[in-house]
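In full-length UniProt numbering, the protein residues as written are 1 to 212. Idealized CB from N, CA, C, for every residue including glycine.
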């Protein structure tokens, strides 16, 4: 049963690949990957290596360099959820943003974690390896800091940990909702879309013309 969380994760990942890119996974490949991830996790726990800098629960540290604000939009009465992130380099003023629509998960907290994971993937893809993430959901900061206390989200938190290890410098901080309006707007507008889809660019999508 040790590989069960990874098996569920790769089944979920294969489902996304089928929906988003019409890619079919071989069932044997899913089992092989899940087994390998399970073994790697056990090895990492035995080594007890701490690769990431301490996390912070508030926005008190200086805001310099690469900042990526994230948010998730979830509503129990709707079948879709929205993810949003807004990246800004505080020194050069370079901007990037992402908005994504997907099937609603079981809770708002799951959507917030999915927003973080997607933002991390995008930052890695754009080679933003010295990134400070900011969220208005304090529980997300707690989950990343002490994942063992949130076993219900183990699969998603394992993916967060895998992504963290690819950053040269990673931190995450809680900020007030009033400071997270761009990511919030991107997430809420994505939730209103009828089907799966995502947008990543340096300019606002045409359906959110007021975002600056």
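- request: Quick one: give me the first and last residue of the alpha helix (DSSP H) that residue 138 is part of.
  value: 138 to 145
- prompt: Is any beta-carbon of chain B found at less than 8 angstroms from that of residue 113?
  reply: Of the chains in the structure shown, none is chain B; there is only one protein chain.
query: So the beta strand (DSSP E) residue 190 belongs to, where does it begin and stop?
result: Element bounds for residue 190: not the beta strand (DSSP E) but the alpha helix (DSSP H), 181 to 191.
message: Which of the three DSSP states is assigned to residue 215 in this structure?
response: Lying before the first or after the last residue shown, residue 215 is absent from the chain, which here runs from 1 to 212.
message: Just verifying my parser: in three-state terms, what is the DSSP assignment at residue 123?
response: helix
- prompt: Applying the criterion that 16 or more other CB atoms from any shown protein chain within 10 Å of the CB defines a buried residue, is residue 135 buried or exposed?
  reply: buried
task: Could you spell out where the alpha helix (DSSP H) holding residue 160 opens and where it closes?
output: 154 to 164
task: Tell me residue 169's beta-bridge partners as DSSP assigns them.
output: 130
Per DSSP, cross-strand counterpart(s) of residue 95: 88
Per-residue DSSP class, three states only, for residue 177: helix
- request: In the DSSP assignment, find the beta strand (DSSP E) that holds residue 67 and state where it starts and stops.
  value: 66 to 73
- prompt: When you compare each of 91, 106, 114 to residue 99 by their alpha carbons, which one comes out closest?
  reply: 114
- prompt: Can the beta-carbon of residue 78 be found closer than 8 angstroms to that of residue 117?
  reply: no
message: Can you tell me which residues form a DSSP beta bridge with residue 135?
response: 70, 174
field: Counted within 10 angstroms of its Cβ, other Cβ atoms place residue 129 as buried (16 or more) or exposed
entry: exposed
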